[in-house]
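**Student:** First the structure, then my questions, so here it is.
There are 2 protein chains.
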Amino acid sequence: MDHVARIQAEWRRERPEIDVTPQGVIGRLHRLADRLGEELRLVYSRYGLSEGEFDVLCAIRRAGEPYERAPGELAVHTMVTTGAMTKRIDRLERAGLVTRRRSTGDQRGRIVALTTPGLELIDQAFADHMRNERRLLDLLTPTDASALERLLTTWLSSMEHPHTPDSG
Amino acid sequence: MDHVARIQAEWRRERPEIDVTPQGVIGRLHRLADRLGEELRLVYSRYGLSEGEFDVLCAIRRAGEPYERAPGELAVHTMVTTGAMTKRIDRLERAGLVTRRRSTGDQRGRIVALTTPGLELIDQAFADHMRNERRLLDLLTPTDASALERLLTTWLSSMEHPHTPDSG
DNA sequence: CTATATTGTCTTCCATGGAAGCTAATGTGC
DNA sequence: GCACATTAGCTTCCATGGAAGACAATATAG
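In order, the protein sequences belong to chains W and U.
Counted the way full-length UniProt numbering counts, the first sequence spans residues 1 to 168.
Counted the way full-length UniProt numbering counts, the second sequence spans residues 1 to 168.
What follows is the structure, encoded as structure tokens:
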């Protein structure tokens, strides 16, 4: 009987008329995401990075040479506001992992580029991160892992491409 | 091709020697947790509650009559520090949803109790919340939903009761 | 009973991110 | 070309939570 099952049992006692079975899936999914996140942050912190900073470095690295992106692009890729991105870039710049310069064409734009230490750091950190994710995934059998991937993909896609229900 | 698949494709181009298949599961799980969380917060906000405040009211409500709990218990149940709990209780008290009084026995302790408006609010909000979770879960077939529940339970349990690997 | 440790809550300070608005640069309609 | 709208990034202010320590009450060792 895990934490979520205990919560469900309490609700069933207090509110027997309410069906709490959805918690069995949604509650566990959130708890698992939190636990996995904790494990992942352990690796980021080995490199002196927060999760947000790691994400930004990855987004620049994935762009390919010359490892540059505009702050706005980075905000979209990492799903934070541009205000939050300004602060992340501030920290990374202070740490010497990225540089910020004016765009040549459009003078409003900036270009954030990995420095050599930044590139080396993220290349090593990402390899370590993937080993860590592999370790966590290997707690499941390969069959279960691929079944899970399919289910998550299905659900995610049905959330992101919602069917507007017909009114008839 | 979803967002996670695009990220994987970029990494495969940039770092072909690294196996990024774990992202297919872990990345999607996090994204799904975020998307579900957004949907759930829509309901909380209908009742003027943040997620943290909703969690606290639920934890007190689940305790059963007389709907009271110590701040420390609430902190454990909702998995935040006691400092964070103090602030959540401050807000709920200011909103008139809970009261805070000194424990009779141990004078260090406090007792947080639902007010009548607090009880009515959380009873209605929780019912609405469960309808919302049901709606989201129904994007999956019942077969898929129970398969997913099993996989999440299995993985979660293997994370929370880790096997210490034998060194031989 | 007193000295010390522990406990429960709260306070302070800091980190992080969102919302909204500011500024400078660019685009657009006339 | 000028007024106006839009865009990119940044700034300000606020909300939230963690870490660490303060403080008061209680438990414990002697």
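All residues carry an ideal CB built from backbone N, CA and C; glycine is no exception.
What residue range is occupied by the uninterrupted alpha helix (DSSP H) comprising Thr-78 (chain W)?
**Tutor:** For the purposes of this step, residue 78 (chain W) is taken as residue 78 along the first sequence, with counting starting at 1. Per DSSP, Thr-78 (chain W) belongs to the alpha helix (DSSP H) from 71 to 78.
**Student:** What is the DSSP secondary structure of Ile-18 (chain U), reduced to helix, strand or coil?
**Tutor:** Counting from one through the second sequence, the residue named residue 18 (chain U) turns up at place 18. Here Ile-18 (chain U) sits in coil by DSSP.
**Student:** I'd like the ranges of any alpha helix (DSSP H) spanning at least 4 consecutive residues and lying wholly in the UniProt domain "HTH marR-type" (22 to 157) of chain W.
**Tutor:** 51 to 62, 71 to 78, 82 to 94, 116 to 137
**Student:** In angstroms, rounded to a whole number, what distance separates the CA positions of Arg-101 (chain U) and Ala-95 (chain U)?
**Tutor:** Within the second sequence, the letter at position 101 stands for residue 101 (chain U). Within the second sequence, the letter at position 95 stands for residue 95 (chain U). In this structure, the straight-line span from the alpha carbon of Arg-101 (chain U) to that of Ala-95 (chain U) is close to 16 Å.
**Student:** Look up His-3 (chain U) in the DSSP assignment and say whether it is helix, strand or coil.
**Tutor:** As a working mapping, residue 3 (chain U) is identified with position 3 in the second sequence. His-3 (chain U) falls in the helix class under three-state DSSP.
**Student:** Closest to Thr-154 (chain U) by CA distance: which of W:His-129, W:Leu-121, W:Leu-136 is it?
**Tutor:** By one-based count along the second sequence, residue 154 (chain U) stands at place 154. Of the candidates W:His-129, W:Leu-121, W:Leu-136, the one whose C-alpha sits nearest the C-alpha of Thr-154 (chain U) is W:Leu-136.
**Student:** Could you name the residues of chain U that Arg-61 (chain W) contacts, counting a contact when the two beta carbons are closer than 8 Å?
**Tutor:** Locating residue 61 (chain W) in the first sequence gives position 61, counting from the first residue. In chain order: Glu-14.
**Student:** Give me the subset of the stretch 16 to 29 of chain W whose CB atoms are less than 7 Å from a CB atom of chain U, sorted by chain position.
**Tutor:** Ile-18, Asp-19, Val-20, Pro-22, Gln-23, Gly-24, Val-25, Ile-26, Arg-28, Leu-29
**Student:** Measuring straight from C-alpha to C-alpha, what distance separates Tyr-67 (chain W) and His-129 (chain W)?
**Tutor:** To locate residue 67 (chain W), count along the first sequence from 1; it is residue 67. To locate residue 129 (chain W), count along the first sequence from 1; it is residue 129. So the two alpha carbons sit approximately 20 Å from each other.
**Student:** If you drop the 5 nearest sequence neighbours on each side, which residues of the same chain put their C-beta closer than 6 Å to that of Ala-63 (chain W)?
**Tutor:** Translated into the one-based positions of the first sequence, residue 63 (chain W) becomes position 63. For Ala-63 (chain W), where only same-chain residues beyond five positions count, the Cβ hits under 6 Å are Arg-69.
**Student:** If the cut is a Cβ gap below 9 Å, which residues of chain U does Ile-122 (chain W) touch?
**Tutor:** As a working mapping, residue 122 (chain W) is identified with position 122 in the first sequence. Going along chain U, no residue has its Cβ under 9 Å from Ile-122 (chain W), so there is no contact; the nearest lies around 10 Å.
**Student:** Is it right to say Met-85 (chain U) is buried, meaning 16 or more other beta carbons lie within 10 angstroms of its own, or is it exposed?
**Tutor:** Position 85 of the second sequence, counted from the first residue, corresponds to residue 85 (chain U). Met-85 (chain U) comes out buried.
**Student:** Identify the contact partners of Ile-7 (chain W) in chain U, using a Cβ-Cβ distance below 8 Å as the criterion.
**Tutor:** For this step, residue 7 (chain W) is matched to residue 7 along the first sequence. Chain U residues near Ile-7 (chain W): Arg-62.
**Student:** Roughly how many angstroms lie between the CA atoms of Arg-131 (chain U) and Arg-31 (chain U), to the nearest whole one?
**Tutor:** Counted from its first residue, the second sequence places residue 131 (chain U) at position 131. Counted from its first residue, the second sequence places residue 31 (chain U) at position 31. In a straight line, the C-alpha of Arg-131 (chain U) is about 22 Å away from that of Arg-31 (chain U).
**Student:** Give me the chain U residues within the contact set of Arg-35 (chain W), using Cβ-Cβ distance strictly less than 8 Å, ordered along the chain.
**Tutor:** Mapped onto the first sequence, residue 35 (chain W) falls at position 35. Under the 8 Å cutoff, chain U gives Leu-156, Met-159, Glu-160.
**Student:** If Ile-89 (chain W) and Pro-71 (chain W) are in contact, beta carbons under 8 Å, what's the gap, nearest whole angstrom?
**Tutor:** Mapped onto the first sequence, residue 89 (chain W) falls at position 89. Mapped onto the first sequence, residue 71 (chain W) falls at position 71. Right, their Cβ atoms sit about 6 Å apart.
**Student:** Judging by CA-CA distance, which residue of U:Asp-138, U:Ser-158, U:Ala-125, U:Arg-28 is the nearest neighbour of Tyr-44 (chain U)?
**Tutor:** In the second sequence, residue 44 (chain U) corresponds to position 44, counting from 1. Comparing Cα-Cα distances from Tyr-44 (chain U) to each of U:Asp-138, U:Ser-158, U:Ala-125, U:Arg-28, the minimum goes to U:Ala-125.
**Student:** Check distances from the C-beta atoms of the stretch 99 to 125 of chain W to those of chain U and list, in chain order, the residues that come in under 7 Å.
**Tutor:** The residues in question: there are none.
**Student:** Is Arg-134 (chain U) close to chain W? Criterion is C-beta to C-beta, closer than 7 Å.
**Tutor:** As a working note, residue 134 (chain U) is residue 134 in the second sequence. Closer than 7 Å: yes.
**Student:** Quick check on the burial criterion: 16 or more other C-beta atoms within 10 angstroms. Buried or exposed for Ala-9 (chain U)?
**Tutor:** Looking up residue 9 (chain U) in the second sequence gives position 9. It is exposed - the Cβ of Ala-9 (chain U) has fewer than 16 other Cβ atoms within 10 Å.
**Student:** In whole angstroms, what is the alpha-carbon distance linking residue 178 (chain W) and Asp-123 (chain W)?
**Tutor:** Limits of chain W in this structure are 1 at one end and 168 at the other, which puts residue 178 (chain W) out of reach.
**Student:** CB-CB under 8 Å to Arg-15 (chain U), same chain, minus the five flanking residues each way: which ones, in chain order?
**Tutor:** Locating residue 15 (chain U) in the second sequence gives position 15, counting from the first residue. Cβ neighbours of Arg-15 (chain U) beyond the five flanking positions: none.
**Student:** Taking only beta-carbon positions, decide if Leu-74 (chain W) is within less than 7 Å of chain U.
**Tutor:** Taking the first sequence and counting its residues from 1, one reaches residue 74 (chain W) at position 74. In terms of beta-carbon proximity, Leu-74 (chain W) stays away from the interface with chain U, with every pair separated by 7 Å or more.
**Student:** How would you list, in chain order, the residues of chain W whose beta-carbon sits under 8 Å from the beta-carbon of Glu-149 (chain U)?
**Tutor:** Start at 1 with the first residue of the second sequence, and residue 149 (chain U) comes out as number 149. Those within 8 Å of Glu-149 (chain U) in chain W are Gly-24, Val-25, Arg-28.
**Student:** In whole angstroms, what is the alpha-carbon distance linking Val-20 (chain U) and Ala-127 (chain W)?
**Tutor:** Position 20 of the second sequence, counting from 1, holds the residue named residue 20 (chain U). Position 127 of the first sequence, counting from 1, holds the residue named residue 127 (chain W). For Val-20 (chain U) and Ala-127 (chain W), the distance between alpha carbons rounds to 9 Å.
**Student:** Can you say whether residue 211 (chain U) is buried or exposed, counting buried as having 16 or more other CB atoms within 10 angstroms of its CB?
**Tutor:** Residue 211 (chain U) is absent from the model: chain U starts at 1 and stops at 168.
**Student:** Any beta carbon of chain W sitting closer than 7 Å to that of Glu-10 (chain U)?
**Tutor:** For the purposes of this step, residue 10 (chain U) is taken as the residue at position 10 of the second sequence. For Glu-10 (chain U), the answer is yes, since a Cβ of chain W falls inside 7 Å of its Cβ.
**Student:** Would you say Met-1 (chain U) lies against chain W (beta-carbon separation less than 7 Å)?
**Tutor:** Locating residue 1 (chain U) in the second sequence gives position 1, where the first residue counts as 1. So no, Met-1 (chain U) is outside the interface.
**Student:** Please state if the CB of Val-98 (chain W) and the CB of Val-112 (chain W) are separated by a distance shorter than 7 Å.
**Tutor:** The residue you call residue 112 (chain W) lines up with position 112 of the first sequence. The residue you call residue 98 (chain W) lines up with position 98 of the first sequence. Yes, Cβ-Cβ distance for Val-112 (chain W) and Val-98 (chain W) is below 7 Å.
**Student:** I want to see whether chain W comes within less than 7 Å of Asp-144 (chain U), judged by CB atoms only; does it?
**Tutor:** For the purposes of this step, residue 144 (chain U) is taken as the residue at position 144 of the second sequence. Yes, its Cβ sits closer than 7 Å to a Cβ of chain W.
**Student:** Distance, Cα to Cα, Val-4 (chain U) vs Thr-78 (chain W)?
**Tutor:** For the purposes of this step, residue 4 (chain U) is taken as the residue at position 4 of the second sequence. For the purposes of this step, residue 78 (chain W) is taken as the residue at position 78 of the first sequence. The straight-line gap from Cα to Cα measures roughly 12 Å.
**Student:** By the criterion of Cβ-Cβ separation under 8 Å, what are the contact partners of Thr-81 (chain U) in chain W?
**Tutor:** The residue labelled residue 81 (chain U) in the question sits at position 81 within the second sequence. Within chain W, no residue comes near Thr-81 (chain U); the closest Cβ sits about 15 Å away, beyond 8 Å.
**Student:** Mark Gly-48 (chain U) as exposed unless 16 or more other C-beta atoms lie within 10 angstroms of its C-beta, in which case mark it buried.
**Tutor:** Taking the first residue of the second sequence as position 1, residue 48 (chain U) is located at position 48. Classification for Gly-48 (chain U): exposed.
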